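Here's the structure we're looking at; comments come further down.
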Amino acid sequence: MIKINTNHIGDLPLPVNGTEESAILELPEDSGLTVNGKICYNLLATMTGMDLLVTGTARLDVIAECGVCLEQFPMELAVKDVCHLYENAEGQEINITEDIREDLLLALPLVLKCSPDCKGICAGCGVNLNTEKCSCGKKKKKAKSEPEKPDEPSPWDALSALKF
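Encoded structure:
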């Protein structure tokens, strides 16, 4: 648990550095993420009147599964702008574990990708198109637009008839 005792904070900010078990993230098994170490945090706790301001960074190394090509890749899950204000915290011990957990979970991308230009896997033969060429022999045909038949009215005819 990441706790800050405001009684230990004087006129200068109190550095709060350390590691925390990654189990606090409570990642589901099907998340596509495997934790690779502990959560590292470097925080500064400052009293602003009766309020506690906590700023700093938090990071965690994970092994992620690409949502496009299904390969595993190392990824750093990092929050570079931790900033939390706890009102009326003077003389208390504040547990900030849940807030750091939320910051890290919110830093997760919507789609895990091994690289921005990942080509994915072939829908026909299933090879990883980043490392191999498609071997299924399926040729991708460009869709050719068929010309409209002159006897069928187009829904755009009414607009074409308008003159400006």
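Each residue of the sequence shown is one higher than the last, beginning at 4 in this note's numbering. Glycine is no exception: its CB is placed at the ideal position from the N, C-alpha and C atoms. As the structure is a prediction and not an experimental result, all values here were calculated from the model.
If residue i sits next to residue j, beta carbons under 8 Å apart, how far is it from one beta carbon to the other, in whole angstroms?
| i | j | result |
| --- | --- | --- |
| V85 | T51 | V85 to T51, Cβ: 16 Å. No contact. |
| T60 | A81 | 7 Å |
| L46 | A92 | So it is not a contact: roughly 14 Å between Cβ atoms. |
| L63 | G40 | 7 Å |
For residue i, list the residues DSSP reports as bridge partners.
| i | result |
| --- | --- |
| E68 | Q75 |
| R104 | For R104, which the question treats as bridged, DSSP gives no partner whatsoever. |
| N131 | I124 |
| L47 | P18, T58 |
Identify, in the order they occur along the chain, each residue of the same chain with its Cβ nearer than 8 Å to the Cβ of residue i, setting aside the five sequence neighbours on each side.
| i | result |
| --- | --- |
| L132 | C72, K122, G123, I124, C125 |
| K83 | T60 |
| V114 | G70, V71 |
| L165 | none |
| C128 | C137, S138, C139, K141 |
Kindly list the residues whose CB is nearer than 7 Å to the CB of residue i, restricted to its own chain and excluding five residues on each side of it in sequence; keep chain order.
| i | result |
| --- | --- |
| K116 | C69, G70, V71 |
| M78 | V65, A67 |
| V130 | I124, C137, S138 |
| R104 | I27, L28 |
In this structure, does DSSP put residue i in helix, strand or coil?
| i | result |
| --- | --- |
| A81 | strand |
| E23 | strand |
| A161 | helix |
| D33 | helix |
| K166 | coil |
| N91 | coil |
| I7 | strand |
| K145 | Any reading at K145 needs caution, since the residue's pLDDT is 39, under 50, leaving its predicted position unreliable; the model's value is listed next. The answer is coil: DSSP assigns K145 none of H, G, I, E or B. |
| L115 | coil |
Can you name, in chain order, every residue of its own chain whose Cβ lies under 6 Å from the Cβ of residue i, other than the five neighbours on each side?
| i | result |
| --- | --- |
| H87 | V57, D102 |
The region 28-40 contacting the region 4-14, beta-carbon criterion three pairs below 8 Å: no
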